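Just below is one structure, and these are the notes that go with it.
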Amino acid sequence: MGEDGETRPPSRSLPILSTGDSWGMLACLCTVLWHLPAVPALNRTGDPGPGPSIQKTYDLTRYLEHQLRSLAGTYLNYLGPPFNEPDFNPPRLGAETLPRATVNLDVWRSLNDKLRLTQNYEAYSHLLCYLRGLNRQAATAELRRSLAHFCTSLQGLLGSIAGVMAALGYPLPQPLPGTEPTWAPGPAHSDFLQKMDDFWLLKELQTWLWRSAKDFNRLKKKMQTPAAAVTLHLEAHGF
Amino acid sequence: MAAPVPWACCAVLAAAAAVVYAQRHSPQETPHVQYERLGSDVTLPCGTANWDAAVTWRVNGTDLAPDLLNGSQLVLRGLELGHSGLYACFHRDSWHLRHQVLLHVGLPPREPVLSCRSNTYPKGFYCSWHLPAPTYIPNTFNVTVLHGSKIMVCEKDPALKNRCHIRYMHLFSTVKYKVSISVSNALGHNATAITFDEFTIVKPDPPENVVARPVPSNPRRLEVTWQTPSTWPDPESFPLKFFLRYRPLILDQWQHVELSDGTAHTITDAYAGKEYIIQVAAKDNEIGTWSDWSVAAHATPWTEEPRHLTTEAQAPETTTSTTSSLAPPPTTKICDPGELGSGGGPSAPLFISVPLTLALAAAAATASSLLIWGTEIRRSLACAAFLP
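Right, dumping it as structure tokens:
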């Protein structure tokens, strides 16, 4: 990605940008995004409960998963073989900072609602950040358009999750110092390794969307609230 | 004296000779097991006998013709499955059994067919295998499961010997699973492997207990109920969606309904009085593939009980009600070609009389007869259309 291949530690207070420092810019961008205030979801009186917004979040994961399928296909073709081969099964090397959807079965089952939602929120925040980085490097305008559209939808999902958390009274996760989503390339980060990182990003994104569908299914079952009149009310306010 | 020494010497020599004799001539307690390939040629030596020894061969107790022999060796060409058996060679004169061979004719294994499926997601998955063609001899299979670089245990199925089960330790993994199988027997060896993502092999068992019932007082409805497959461990967190298909037995075209939840559905467009066949399939809401179709349920929609026939007029009523929806409406008109010429009503051209009153009366009569005549024309035309 970066022309000079240098890694630069992210500066939190005042990002220092030099020419050609794409990683620094990325770090800055991610830092800024991370500190954005959460979208206030239901700041009205007579809160109807989280049921409808959980359903909406679930629906969004399905929509995004569908959108991702075509986007990933196009992007992997752009990367070329072996990334676009169906049997491609590389070892998971690098991309350690990517949020992993994989979780022990019993641990996943026993997650409390707050933790479940927090993990989803944090994951998509990271993934959105990386995707935006991907967008900047995409070669064709077509790809950039698709990626931008997907990023917007993903932003919507984040907002929806934030809404559910707010409705349930959970605080939005704040980043711990030192765990900002920066993605510094290793020394002599080759073109191939960069493509590997892109491959894993898309794979992880897809897996997270499947996981989120299951997460929100579980949440939905837990709070079976009557939603009919409430949904109409919410939709009038752009939800 | 030197006498005891030679005696001892003789005894030892005799014993040695006896041992040698026994080794060369004693029958083998257990037959030698030999595997040979179908279609090949094999030469069976009679143990350690010389080539020119006089022997007879038998298979499963039946003598073999001497023309198969090459000296004391049995030559079998173009082995077939029927050649499998217990071959024994005997000293021709003493009928002393010299050697036994248990011959098995078979084939080396072809590439096995391996498939894996998760019908118990998220608990685990199973893999099953088979050989595309029989080998006719015993085979041993060895299955290994790799998740990335980690080896997983595949537990043998207690009932089926070509199946083993793997338990998921982690869910939502981006790393693929690789299942390899190797098969070997006395004649050869083969292997294959498959790689897949956790989500792609999810396929539930078909729904159970599909029951279809008529709905009283509704001649076009059928109520269908079913249950989620009992092997699916967690329908709450991993809900299933269903696909219903139905058709009357007399038609080939299925109708389909997809249902996102619930285990019941009412068909509202059934043909009255026709027996229906109904099946249901299941799929995880988000991942994997559809199950096979369930066992079919049969049902006929409710039909009104025919009233007790008191007059003949009532009989056609019940028959037309069941056939009306499918058969074209029966023609009530009987076409008689003779009608075209004559016509039921006034068919003659009209004559208009000169006097006014007469003319008016005639006009009125004309109008009414025109009306009738017009109807007759229509009837005749309709009739003509049906005639060849």
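Protein chains in written order, with my numbering: chain A, 1 to 239; chain B, 1001 to 1388.
Note that beta-carbon positions come from the ideal geometry of N, C-alpha and C, so glycine has one too.
Since the model is a prediction, treat every value here as computed from it, not as a measurement.
Going along chain A, which residues have a C-beta under 9 angstroms from residue i?
{"i": "Tyr1168 (chain B)", "result": "Leu105"}
{"i": "Thr1195 (chain B)", "result": "Asp87, Asn89"}
Please confirm if residue i has its CB atom under 9 angstroms from at least one CB of chain B.
{"i": "Glu142 (chain A)", "result": "no"}
{"i": "Asp59 (chain A)", "result": "no"}
{"i": "Asp87 (chain A)", "result": "yes"}
{"i": "Glu122 (chain A)", "result": "no"}
{"i": "Asn294 (chain A)", "result": "Since the first and last residues shown for chain A are 1 and 239, residue 294 (chain A) lies out of range."}
{"i": "Thr97 (chain A)", "result": "no"}
{"i": "Arg218 (chain A)", "result": "yes"}
{"i": "Arg252 (chain A)", "result": "Since the displayed chain A opens at 1 and closes at 239, residue 252 (chain A) lies outside it and no answer follows."}
{"i": "Arg109 (chain A)", "result": "yes"}
{"i": "Thr152 (chain A)", "result": "no"}
{"i": "Thr74 (chain A)", "result": "no"}
Starting from residue i, find everything on chain A with Cβ-Cβ shorter than 8 angstroms and list it in chain order.
{"i": "Ile1151 (chain B)", "result": "Within 8 angstroms Cβ-Cβ: nothing; Ile1151 (chain B) doesn't reach chain A, min ~15 angstroms."}
{"i": "Glu1286 (chain B)", "result": "Arg62, Glu65, Trp210, Ala213, Lys214"}
Rounded to whole angstroms, how far is the Cβ of residue i from the Cβ of residue j, which I believe are closer than 8 angstroms?
{"i": "Leu76 (chain A)", "j": "Phe83 (chain A)", "result": "5 angstroms"}
{"i": "Leu168 (chain A)", "j": "Pro50 (chain A)", "result": "5 angstroms"}
{"i": "Val1145 (chain B)", "j": "Tyr1177 (chain B)", "result": "7 angstroms"}
{"i": "Thr1231 (chain B)", "j": "Asn1119 (chain B)", "result": "5 angstroms"}
{"i": "Leu1086 (chain B)", "j": "Pro1031 (chain B)", "result": "6 angstroms"}
{"i": "Leu172 (chain A)", "j": "Tyr121 (chain A)", "result": "7 angstroms"}
{"i": "Cys1116 (chain B)", "j": "Phe1196 (chain B)", "result": "7 angstroms"}
{"i": "Pro1138 (chain B)", "j": "Asn1070 (chain B)", "result": "30 angstroms between Cβ atoms; not a contact."}
{"i": "Leu1240 (chain B)", "j": "Asp1284 (chain B)", "result": "6 angstroms"}
{"i": "Val1042 (chain B)", "j": "Leu1079 (chain B)", "result": "6 angstroms"}
{"i": "Val1055 (chain B)", "j": "Arg1092 (chain B)", "result": "6 angstroms"}
{"i": "Ala95 (chain A)", "j": "Asp197 (chain A)", "result": "5 angstroms"}
{"i": "Pro91 (chain A)", "j": "Gly1148 (chain B)", "result": "7 angstroms"}
{"i": "Ile1194 (chain B)", "j": "Val1143 (chain B)", "result": "Going by Cβ atoms, the distance from Ile1194 (chain B) to Val1143 (chain B) rounds to 11 angstroms, so no, they are not a contact pair."}
{"i": "Lys220 (chain A)", "j": "Ile54 (chain A)", "result": "5 angstroms"}
{"i": "Leu193 (chain A)", "j": "Ala72 (chain A)", "result": "19 angstroms between Cβ atoms; not a contact."}
{"i": "Arg1221 (chain B)", "j": "Thr1266 (chain B)", "result": "6 angstroms"}
Which chain B residues sit within Cβ distance under 9 angstroms of residue i?
{"i": "Arg92 (chain A)", "result": "Gly1148, Thr1174, Val1175"}
{"i": "Ala101 (chain A)", "result": "Leu1171, Phe1172, Ser1173, Thr1174"}
{"i": "Lys221 (chain A)", "result": "Glu1236, Ser1237, Pro1239"}
{"i": "Glu204 (chain A)", "result": "Thr1174"}
Would a check of beta-carbon distances place residue i closer than 9 angstroms to chain A?
{"i": "Pro1122 (chain B)", "result": "yes"}
{"i": "Ile1181 (chain B)", "result": "no"}
{"i": "Phe1242 (chain B)", "result": "no"}
{"i": "Phe1125 (chain B)", "result": "no"}
{"i": "Lys1283 (chain B)", "result": "no"}
{"i": "Lys1203 (chain B)", "result": "no"}
{"i": "Lys1178 (chain B)", "result": "yes"}
Quick one: is residue i buried, meaning 16 or more other Cβ sit within 10 Å of its Cβ, or exposed?
{"i": "Thr1062 (chain B)", "result": "exposed"}
{"i": "Lys1161 (chain B)", "result": "exposed"}
{"i": "Glu985 (chain B)", "result": "One cannot answer for residue 985 (chain B) here, as it falls past the ends of chain B, which runs 1001 to 1388."}
{"i": "His149 (chain A)", "result": "exposed"}
{"i": "Arg1077 (chain B)", "result": "exposed"}
{"i": "Arg218 (chain A)", "result": "buried"}
{"i": "Gln119 (chain A)", "result": "buried"}
{"i": "Met165 (chain A)", "result": "buried"}
{"i": "Ser1040 (chain B)", "result": "exposed"}
{"i": "Val107 (chain A)", "result": "exposed"}
{"i": "Leu1013 (chain B)", "result": "exposed"}
{"i": "Ser1065 (chain B)", "result": "The amino acid at residue 1065 (chain B) is misidentified as Ser; the sequence shows Ala. It counts as exposed."}
{"i": "Ser110 (chain A)", "result": "exposed"}
Check the Cβ of residue i against every Cβ in chain A and list those closer than 7 angstroms, keeping chain order.
{"i": "Phe1199 (chain B)", "result": "Trp210"}
Touching by the beta-carbon criterion (3+ pairs, under 8 angstroms), the stretch 1199-1215 of chain B and the stretch 1047-1055 of chain B: no
Inspect the CB distances between the stretch 1210-1224 of chain B and the stretch 1119-1133 of chain B and report whether three or more fall short of 8 angstroms. no
Quick check: the stretch 1289-1297 of chain B against the stretch 1248-1255 of chain B, are there 3 or more CB pairs under 8 angstroms? Judged by Cβ distances under 8 angstroms, the stretch 1289-1297 of chain B makes no contact with the stretch 1248-1255 of chain B, as fewer than three pairs qualify.
Taking contact to mean at least 3 C-beta pairs separated by less than 8 angstroms, is the stretch 1032-1047 of chain B in contact with the stretch 1100-1110 of chain B? yes
Does the stretch 138-146 of chain A come close enough to the stretch 202-211 of chain A that 3 or more CB-CB pairs lie under 8 angstroms? no
Would you check if there are 3 or more beta carbon pairs closer than 8 angstroms linking the stretch 1271-1278 of chain B to the stretch 1292-1308 of chain B? Three or more beta-carbon pairs separated by less than 8 angstroms link the stretch 1271-1278 of chain B to the stretch 1292-1308 of chain B, which places the two stretches in contact.
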